[in-house]
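Quick mapping for you: the protein sequence lines, in order, are chains A and B.
Residue numbers for the first sequence follow the numbering used here, beginning at 907 and rising by one.
Residue numbers for the second sequence follow the numbering used here, beginning at 27 and rising by one.
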Amino acid sequence: MVAFEDEYRAYQEALASALRMLRPHAEVSTDRPEDETSASARLRPDLAIRNRADPGEGLAWLELSMEPGLPSRVRIGEQSSTVVNPSLEEILYIVDEVERLTRATTGPEDE
Amino acid sequence: MTKTKTRRLLLIEDHLWFRQALALFLDGEPDLHVVAQAGTLDECHGELVDDGLEDVDVAIVDLTLPDGDGIDLIHWLREYAPHIAVLVLTVSLETERHDLALGAGASEVISKSDSIENILDAVRRLADSPAIPRSA
């Protein structure tokens, strides 16, 4: 789930497009964070990527700072960390880590 | 069969992941090619010195860069590469900043609240508009 506030729509769409292209097996959806009752709540994503994180959210989240010089925050399970001006590769690493954790928790889907 | 004209782009944006994601999206279009990217004014000058400006059609420029103002870069591009159309991509809603960018020689200002499809349309529109003569 990629959910950015309206003023950052281009960021949201570019990231969702890149994730769909580079991780075609992942189900990438977009949402508006202002709408609490929308897709985020229904879909219960494995990873929520936002420009403003909801700390109570699900298994994992990534809050991407809109100021490149300020840290972006990551939580995967019980692990929290920060990264400054992450690359797309670093975001993909987080996506892959969440996928590994999800598989470890639930088992492979097709088995 | 008609050969598609390739529009060559320069991308200057300090958000690394956004720049890479946008470049991927633009490069995915058969008629577009991102020939160089930079995240600072310094990197941009380096890229341009290394790779040259001759083949670039459109520069997509963020106004807020860590080592300076994108408006200075627009002035620089106007002076050294007047054939390059400048598309400003900014999160700033201040009309004064937009006016400054246009006054410096930007062809168009687009907000980051716009869709990437709109960015795509603007890139094509500017790439296909008559070039500013080098002698201007």
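Using N, Cα and C, we set each Cβ at its ideal position, and we do this for glycine too.
Every value quoted in this text rests on a predicted model; they were computed, and no experiment measured them.
Considering only beta carbons, the part of the region 993-1012 of chain A lying closer than 9 Å to chain B consists of Ser993, Leu994, Glu995, Glu996, Ile997, in chain order. Those residues of the region 911-924 of chain A placed with their C-beta closer than 7 Å to a C-beta in chain B are Asp912, Glu913, Tyr914, Arg915, Ala916, Tyr917, Glu919, Ala920, Leu921, Ser923, Ala924, ordered along the chain. When secondary structure is reduced to three states using DSSP, B:Asp95 falls in the strand class. Among the residues facing chain A, B:Gln46 is included, as its CB has a counterpart in that chain under 7 Å away. Interface residue (Cβ-Cβ distance to chain A less than 7 Å): B:Ser155 is not classified as such. The beta carbon of A:Tyr917 sits closer than 6 Å to the beta carbons of Phe910 from its chain, once the five residues preceding and following it are set aside; these are given in chain order. A straight line joining the alpha-carbon of B:Ile38 with that of A:Thr1012 spans about 42 Å.
Ranked by Cα distance from A:Leu968, the options A:Pro974, A:Ser923, A:Ser986 are led by A:Ser986. In the structure shown, A:Glu933 adopts coil according to DSSP, grouped into three states. Within 9 Å of the CB of A:Met907, no CB atom of chain B is found; the nearest one sits about 16 Å away.
Note: A:Glu969 is bridge-paired with A:Arg956, A:Arg979 in the DSSP secondary-structure output. A distance below 7 Å separates the beta carbons of B:Leu99 and B:Leu67.
Only those residues of the region 976-988 of chain A whose C-beta falls short of 8 Å from the nearest C-beta of chain B would be listed, and there are none.
Boundaries of the alpha helix (DSSP H) harbouring A:Glu1003: 994-1012, taken from the DSSP string. At a cut-off of 7 Å, the C-beta of B:Asp88 has no neighbouring C-beta in chain A.
Counting only runs that start and end inside the region 33-98 of chain B, the beta strand (DSSP E) elements of at least 3 residues fall at 33-38, 58-64, 84-87. In the three-state scheme derived from DSSP, where H, G and I count as helix and E and B as strand, A:Ala909 is classed as strand. Among the residues facing chain B, A:Asn957 is not included, as its CB has no counterpart in that chain under 7 Å away. Taking the beta carbon of A:Pro930 as reference, no residue of chain B falls within 9 Å; the closest one sits roughly 13 Å away. Using a Cβ-Cβ cut-off of 7 Å, B:Asp57 does not count as an interface residue toward chain A, since no Cβ of chain A sits closer than that to its own.
Around the C-beta of A:Asp912, fewer than 16 other C-beta atoms lie within 10 Å, and the residue is accordingly described as exposed.
Burial state of B:Leu119 is exposed, judged by a 10 Å Cβ sphere holding fewer than 16 other Cβ atoms. B:Ser137 has B:Thr116 as its beta-bridge partners, per DSSP.
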